[in-house]
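Participant:
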Amino acid sequence: MAHRVGMEVSIAISHAVQMCRAEAIAAYPITPQTHIVEHLSSMVANGELDAEFVNVESEHSAISTCIGMSATGARTYTATSSQGLALMNEILYIVSALRLPIVMTVANRALSGPLSIWNDHSDIMGARDIGWIQIFVENGQEAFDHSVMAFKIAENHQVLMPTIINLDGFILSHVVEAMEFPDQELVDKFLPSYHPRFQLDPDNPVTMGAFAMPEVYTEVKMGHQMALTGAYEHILKVWKEWGDLTGRRYQPVEKYRTEGAKILLLTMGCLSEVAEVAVDEMREAGLEVGLLKLRMWRPFPFADLRNAVGSAKLLIVCDRALSLGGAAPPVLAEVRSAFYAMRGRPQTASFVIGLGGRDVTPGDFKNIVAQAQEEAQHKPTQEYHIFGVRG
Amino acid sequence: MSSKPMDQVTWQEIEAGAILTEPGSARGYNTGDWRSQHPVWTKSRCIRCGVCWTVCPEGGISEEPGGYFDMNTYCKGCGICAKECVTGCISMVPEEE
Amino acid sequence: MIEIRFHGRGGQGAVTSVELLALAAINEGKFAQGFPSFGPERRGAPVLAFCRVDERHIRLRCKIASPDVVVVLDPSLIRIQNPPADLKADGIIVLNTPKTPEEVRREYGFKHTLALVDANRVAREVLGVPIVNTTMMGALIRATGVVKLESLELPLKERFGPLAVKNFNALKTAYEQTVIEERRS
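Protein chains in written order, with the numbering used here: chain B, 385 to 775; chain R, 700 to 796; chain X, 2 to 186.
(1) Could you work out which residue in B:Lys639, B:Thr460, B:Ala411 and B:Glu672 is closest to Leu678 of chain B when comparing CA atoms only?
(2) To which residues of the same chain is Cys755 of chain R closer than 7 Å at the C-beta, ignoring the five residues directly before and after it?
(3) What is the DSSP secondary structure of Gly775 of chain B, reduced to helix, strand or coil?
(4) Mind checking whether Met680 of chain B and Pro636 of chain B have CB atoms under 9 Å apart?
(5) Using only CA atoms, which one of B:Phe582, B:Thr418, B:Ser577 and B:Ala538 lies nearest to Leu797 of chain R?
(6) DSSP beta-bridge partners for Cys702 of chain B?
(7) Quick one: complete alpha helix (DSSP H) runs, 4+ long, within the stretch 446–528 of chain B?
(8) Using 8 Å for Cβ pairs, my map puts Gly653 of chain B next to Asn492 of chain B. What's the rounded Cβ distance?
(9) Could you tell me which of R:Pro738, R:Tyr728, R:Thr786 and R:Ile760 sits nearest to Asn771 of chain R, measuring between CA atoms?
(10) Would you mind telling me which residues of chain R sit closer than 9 Å to Phe822 of chain B, beta carbon to beta carbon, in chain order?
(11) Taking the C-alpha atoms as reference points, what is the distance between Gly390 of chain B and Ser721 of chain B?
(12) Per DSSP, Asn97 of chain X forms a beta bridge with which residues?
(13) Looking at Thr642 of chain B: is its Cβ nearer than 9 Å to the Cβ of Ala692 of chain B?
(14) Below 8 Å on the Cβ atoms is my contact criterion, and I expect Ala400 of chain B with Phe528 of chain B to pass it. Report the Cβ-Cβ distance as a whole number of Å.
(15) Candidates R:Pro704, R:Glu721 and R:Ser702: which alpha carbon is nearest Asn588 of chain B's?
(16) Can you tell which of R:Tyr767, R:Gly716, R:Glu712 and R:Val708 has its C-alpha closest to the C-alpha of Val750 of chain R?
(17) Just the Cα atoms here: how many angstroms apart are Ile1 of chain X and Thr135 of chain X?
(18) Jot down the residue ranges of each uninterrupted beta strand (DSSP E) in the stretch 18–98 of chain X, minimum 3 residues, whole runs only, in chain order.
(19) When you compare only the Cα positions, how much space is there between Val438 of chain B and Glu665 of chain B?
(20) Please return the same chain residues whose Cβ sits closer than 7 Å to the Cβ of Leu74 of chain X, not counting the five positions on each side in sequence.
(21) So Gln707 of chain R is in the beta strand (DSSP E); what residue range does that whole segment cover?
(22) Please list, in chain order, all residues of the same chain as Gly694 of chain B whose beta carbon is under 7 Å from its beta carbon, the five residues on each side excluded.
(23) Closer than 8 Å by beta-carbon distance: list the chain R residues that pair up with Met509 of chain B, in chain order.
(24) Buried or exposed for Cys702 of chain B, please, with buried defined as at least 16 other CB atoms from any protein chain shown within 10 angstroms of its CB.
(25) Less than 9 Å separating the beta-carbons of Leu24 of chain X and Gly35 of chain X?
(26) Could you list which residues in chain C have their beta carbon closer than 7 Å to that of Glu20 of chain X, in chain order?
(27) Residues of the stretch 668–694 of chain B in Cβ contact with chain X at a cutoff of 7 Å, in chain order, please.
(28) Mind checking whether Val753 of chain B and Leu649 of chain B have CB atoms under 9 Å apart?
(29) Ignore the nearest five residues each way along the sequence and tell me which others in Tyr578 of chain B's own chain have a CB closer than 8 Å to its CB.
(30) Round the Cβ separation of Ala446 of chain B and Ala410 of chain B to the nearest angstrom and send it over; I've been treating them as touching at under 8 Å.
(31) Is the beta carbon of Leu433 of chain B sitting closer than 9 Å to the one on Arg483 of chain B?
(32) Compare the C-beta of Gly515 of chain B with all C-beta atoms of chain R and state if any pair is closer than 9 Å.
(33) How many angstroms separate the CA atom of Val663 of chain B from the CA atom of Leu655 of chain B?
(34) Which runs of the beta strand (DSSP E), 3 residues or longer, sit entirely within the stretch 658–705 of chain B?
(35) CA-CA distance, Gly804 of chain R and Cys450 of chain B?
(36) Beta-carbon of Arg388 of chain B versus every beta-carbon of chain X: anything under 9 Å?
See below:
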C-alpha cells in the first residue's frame, strides 16, 4: 500500500533514487541540490542503498565519472544546479550522444553573476540544446514520481536517452510537504533492473566515443535528433503506466481551467501552481483566463501545445530566464516558433518573472494578465517585459 | 555500423550512440600509409630482446619466425624503436619517393 | 489555510519549528508546507521561517506576505524586524517574553491578539538550555490549535531521539503557561 509521508522534497527525491535501486552515483554538492546527494551519500554509507557513491572534485568530474559508470551498465544518477550544470556543459552533450541513460536532477538556480544561490531557470536554459530529455515538475509529489519514471524512460532500449528532472531550487527543493510514496514492490515491478543494450565488457568489446568524419557526423546527429523526438511516445507510455498504477496522470502540456478561455498563461515548474491560484481568483472575477503548464521541455511537444491553445486569442508566456541580446526569452522563442506557421495563431505576450529568487505571487500573475490585456489593444512596444523591474 | 563506405551510410544504419559493435574494426585502417620513413633491422646485431616490440606505441612491429622482429602494415615510422634499440641495430630509412 | 511566520535568529531553531509543525499537520492528514527564508544561514542573524497548513494541497510557492500568526522567538527582534507590520488585523502575535500583556502593549504598541509565554524560563527549567523553538510551539498551539499537541510527539522523536521527551515536556509546559489576551479595537 502506498503511504503518505511528510518530508523535505530533496529528501523525497533521494528516497525515489533509493527505491529505483540506483547502482552508481557521482555528484558534487552545490546549493540548492546539496540535500539530495548528501542524503544519498549517507544512505550508501549506512548500507541502505547498495550503490557506488563516488566523491569527486567538481561537477565536470561528476558527470564524467557517471559516463564511465553508466557505460559499464550501471543504473546511474547524479544531481546538480546552476554553476555545477554549467561546469558539466561540455560533457553533457557527450552523455546524450553516447545514449547513456543517466538520470540527473537539476535544482534550478540562477547563474552568476552577480552571485545568486536563488531560483530561476537560467541554468537549464543554458543547457537547452544538450540533447537530453528534460522534464519540469511542480511539487514534491511530481518530483518523486518523475524521478522514478525518468529511469524507466531513459533505459528503454528504444529511447536510451539521459534525462533531466528540473525542480525549482529552494521554493520546491527545500520545502517540507506531504507526498505519497508507493511501496518498494510497486517500484520494483514498474522498474525492473537495468539491462544495457551495450556496455563496456572485455568479453564482448565495443567502441564507445569514436570520432566521426565529416562524411558521417551529420548522420550521427540526425540519429540523435530522431531518437530524442521519437522518445516522446515512450515517455507518454511510461507516464500512462505510472498513472494506471498510482492514479497520478501527467501530460506534456497540462491544461488548467482552459475551457472557454480567451487568455492563457503559460508557465513551467512550481510557479504553475501559483498561477493556478491566480487563475482561480481571476475566474471568480469573471475573467476568461486559463493556464497551460509546460511539463515536457525536451523533446518539445509542438502538437500538444498547438492543441492546448484552442481558441484562445492571447497567450502570455512566462519565462524564468533571459536570452540576453536575443530575440526572445527561451520559452517564448520555442512557443512562437510552434505557432508561427499556424493559421489563426494566438497573439503572444512575454513576461520574464522570478529571476534570481524574486518572489512571484498570485497577485503578480494577475498584474501580468492585466498588463498583457492592455497592451494587446495596441501595437506592442517591446519584444518582452522583465516583470517588476524597477526604473 | 554497416560495412558500407562511410560516405554512403544512412542515419538509420548507425547504431545508437554511434557505438561500434565490431571489435578490432580499426584493423581496416592501414596506418602504414602515413609513414615517411621505416625501420630496418640489421639482423647480425639483433639480440632478439624484443625492446622494439615493447616500446612501439602502435603495434606496428611483429615477431617473426626465429625470434627476430620486423615492421608490419601499421608502422607509422615514428622511430621510437630505433631510438630505444639496445644494440642500435635499427636504422630509419626514408620511404622511396 | 493558516499561514504562520517564525521570527528568530540563526541557530535558534526557527526552521526546525516550521518543519516539525508541518510534519505534525501532515501526520494529522492535513496538508502543510514548512520552509526557511532561503539564503546563506548565519548564526545570530535575524531569520524567517514559514509554515502553511490547510485541508487541501497548497499551491503557493511564495513567501508569506500577510500571515495569520507571527511567532517571535527572540523579543530583541521586535525592534529589528517589526514582525506584526503585515500581520492580518485578526492575527495573533506569539511572543517569548516574561512581561504581562499590559506591559507588552505599552512597550511595543501592539493592537493584535497576544499569546505570551516566558519561553526562556520554561526552556531553562525543563530542557536545561535556553533554546526556545520547541517551547514556543506550545504557545503557538495554545493560541491557534493549528495542530494537536500530541501530533508533535512523533516528529519530535524522529528529530531529537532521546531528547524528544524533554522537548515535548517543555512544549506542554509552555502550552499550559501561555497567557492569551484578545486584540484591542
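Backbone N, C-alpha and C fix where the C-beta goes; we use that ideal spot for every residue, glycine too.
Facilitator: Reading from the atomic positions:
(1) B:Lys639
(2) Ile779 and Cys780
(3) coil
(4) yes
(5) Only positions 700 to 796 of chain R appear in the structure, and residue 797 of chain R is not among them; the question remains open.
(6) B:Phe735
(7) 466–481 and 506–510
(8) 7 Å
(9) R:Ile760
(10) An answer regarding residue 822 of chain B cannot be provided, because it is not within the stretch 385 to 775 covered by chain B.
(11) 41 Å
(12) X:Val118
(13) yes
(14) 5 Å
(15) R:Glu721
(16) R:Tyr767
(17) As shown, chain X starts at 2 and ends at 186. That puts residue 1 of chain X outside it, with no answer to give.
(18) 32–37, 47–55, 70–73 and 93–97
(19) 49 Å
(20) Phe7, His8, Gly9, Gln13, Ala15, Asn97, Val133, Asn134 and Met137
(21) Gln707 of chain R -> no beta strand (DSSP E), and no H or E assigned at all.
(22) Thr642
(23) Near Met509 of chain B there are no residues of chain R at all, since even the closest Cβ is about 26 Å away, more than 8 Å.
(24) buried
(25) yes
(26) Absence of chain C from the displayed structure is noted, the protein chains being B, R and X.
(27) none
(28) yes
(29) Glu407, Gly457, Ala458, Arg459, Pro485, Phe535 and Glu539
(30) 5 Å
(31) no
(32) no
(33) 12 Å
(34) 673–678, 680–682 and 698–703
(35) The question about residue 804 of chain R has no answer, for chain R in this structure spans 700 to 796.
(36) yes
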